[in-house]
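Be aware that the sequence shown starts at 441, since it is given in my numbering, and climbs by one per residue. Glycine is no exception: its CB is placed at the ideal position from the N, C-alpha and C atoms.
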Amino acid sequence: MTQPINDLFGRKNIDESATIASAKDFLKDYEFWHLQKLHLDQIQYLGYKKLPTLEMPSERAAKIELECQLRTHTIQVMHNDTENVAFLADILRLRYLNGYTITKTCFKLAISERSFTRRQNEALLAFALVCPFNLVSFKRLS
Numbered sequence: 441m442t443q444p445i446n447d448l449f450g451r452k453n454i455d456e457s458a459t460i461a462s463a464k465d466f467l468k469d470y471e472f473w474h475l476q477k478l479h480l481d482q483i484q485y486l487g488y489k490k491l492p493t494l495e496m497p498s499e500r501a502a503k504i505e506l507e508c509q510l511r512t513h514t515i516q517v518m519h520n521d522t523e524n525v526a527f528l529a530d531i532l533r534l535r536y537l538n539g540y541t542i543t544k545t546c547f548k549l550a551i552s553e554r555s556f557t558r559r560q561n562e563a564l565l566a567f568a569l570v571c572p573f574n575l576v577s578f579k580r581l582s
């Protein structure tokens, strides 16, 4: 299924299903962090001095910014790679960063819904391999 991606990165013992699941969960968290960033921007715009948390506002703002940028910059790095990997990055950008449905993503990229799941899994695996956050799971050797 995703053998070319494994060959591309020279890894034969990757647990694909666990890696794909962790990358999907990681990208799904983007919506949460993006909303936190918008909320923080609104608080700063209104001029409030205190945030209702135990963390320092600057630490919280830095963490929120880091979480958002980690996802967007990883997809941008994928987009700057080969044409095939750039297409995979477009799938992730539309699906997880822009929040498009599967149908709308397929329409924008002119692919069938039938092949979407396979291509999305390839994209998630490539994202996990490129992301600086450790998302790759390896098979246990018996």
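On the DSSP bridge list, what partners appear for residue i?
i	result
ILE454	PHE578
Would you say the beta carbon of residue i comes nearer than 8 angstroms to a heavy atom of the ligand FAD?
i	result
GLN516	Absence of the ligand FAD is noted for the structure shown, with no ligands found whatsoever.
Using the Cβ count rule (16 or more neighbours within 10 Å means buried), how would you classify residue i?
i	result
ALA502	exposed
SER552	exposed
MET441	Only weak support is given to the placement of MET441: the predicted model assigns it a pLDDT of 46, under 50, and the value that follows is read from those uncertain coordinates. The residue in question, MET441, is exposed, as its Cβ has fewer than 16 Cβ neighbours within 10 Å.
THR557	exposed
GLU499	exposed
LYS579	exposed
SER457	exposed
LYS464	buried
GLU562	buried
THR459	buried
GLU523	exposed
LEU506	exposed
Check whether the Cβ atoms of residue i and residue j lie closer than 9 angstroms to each other.
i	j	result
GLY532	LEU467	According to the sequence as given, residue 532 is Leu; it is not Gly. A contact, by the Cβ cut-off of 9 angstroms.
PRO572	LEU510	yes
ARG554	LEU528	no
GLN476	ILE504	yes
SER462	LEU575	yes
Is there contact between the region 463-483 and the region 533-545, where contact requires at least three CB pairs shorter than 8 angstroms? yes
On the three-pair Cβ rule with 8 angstroms, is the region 517-531 touching the region 565-582? yes
May I ask you to verify whether the region 506-516 touches the region 544-556, counting CB pairs closer than 8 angstroms and requiring at least 3? no
Within the region 484-564, ranges of the alpha helix (DSSP H) (whole runs, at least 4 residues): 497-519, 523-532 and 542-549
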